[in-house]
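Going letter by letter, the sequence shown gives residues 1 to 161 in UniProt numbering.
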Amino acid sequence: MATEGSLKISESCNDVKNTHEVVIEEGLNISEPENPDLLFLFEKKLAPSDCDPKLGRLLVPKQLAEKYLPQVDGLQSMPLTVEDVGGRSWEFVLRWWLNKRSRKYVFYGTRKCVETMQWNAGDKIKFYRKPSNGRLIIELERTHTITSESDASVPGDGANI
1 MATEGSLKIS ESCNDVKNTH EVVIEEGLNI SEPENPDLLF LFEKKLAPSD
51 CDPKLGRLLV PKQLAEKYLP QVDGLQSMPL TVEDVGGRSW EFVLRWWLNK
101 RSRKYVFYGT RKCVETMQWN AGDKIKFYRK PSNGRLIIEL ERTHTITSES
151 DASVPGDGAN I
């Protein structure tokens, strides 16, 4: 079965000190959080479709959505305010639908976040919970350096052959 991206999850959202590194089949890892003020939930390696501002969506694996995100039972969508580690708020909509007797979970409305934070395929998006207020927090971990448009190759300079 093919899946987009790789995932990392926390073993327990109640006891951070008891988490440990474990490699699980299907690329899932259990790990300690990097920020002690935030409770690490999971991370997802971004697929090209997650980074496309025209689509404006982020696919979330079912097992992670059902374990860590607000329940949407009885509803097919739920507006959710997500905050990044820089303190900016983003308005997403968590939606689900049935696909071959299984639910698919997707954050819609990610376009502004994708463009502002400059998500790229291969980067990782980390999800945390802020214990003090229960807010969902995201952090982008880059796997490459962003270059400005002025650093791009110019036709005729020999770089584009």
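Backbone N, C-alpha and C fix where the C-beta goes; we use that ideal spot for every residue, glycine too.
Pairwise C-beta distances place the stretch 121-141 out of contact with the stretch 98-108, as fewer than three of them are shorter than 8 Å. Take the alpha-carbon of C51 and the one of H144: they are about 14 Å apart. Per DSSP, the beta-bridge partners of D84 are I138. Between L41 and S49, the C-beta spacing is not below 7 Å. Annotation: the continuous alpha helix (DSSP H) that includes V114 extends over 111-117. Taking a contact as a CB-CB distance under 8 Å, the pair G122 and L46 counts as one, their CB atoms being some 7 Å apart.
Inter-residue distance for W119 and N99 is about 27 Å (C-alpha atoms, whole angstroms). Around the beta carbon of W90, 16 or more other beta carbons lie within 10 angstroms, which makes this residue buried.
By the neighbour-count criterion, in which a residue is buried when 16 or more other Cβ atoms sit within 10 angstroms of its Cβ, E43 is buried. In the DSSP assignment, L64 falls within the unbroken alpha helix (DSSP H) covering 62-68. Here the C-alpha atom of R95 lies approximately 15 Å from the C-alpha atom of K67. Nearest Cα to M117 within the set P36, P53, L38: P53.
Cβ-Cβ distances below 7 Å link C113 to W90 in the same chain, with the five nearest sequence neighbours on each side left out; the list follows chain order. With a contact defined as Cβ atoms closer than 8 Å, V82 and I138 qualify at about 6 Å.
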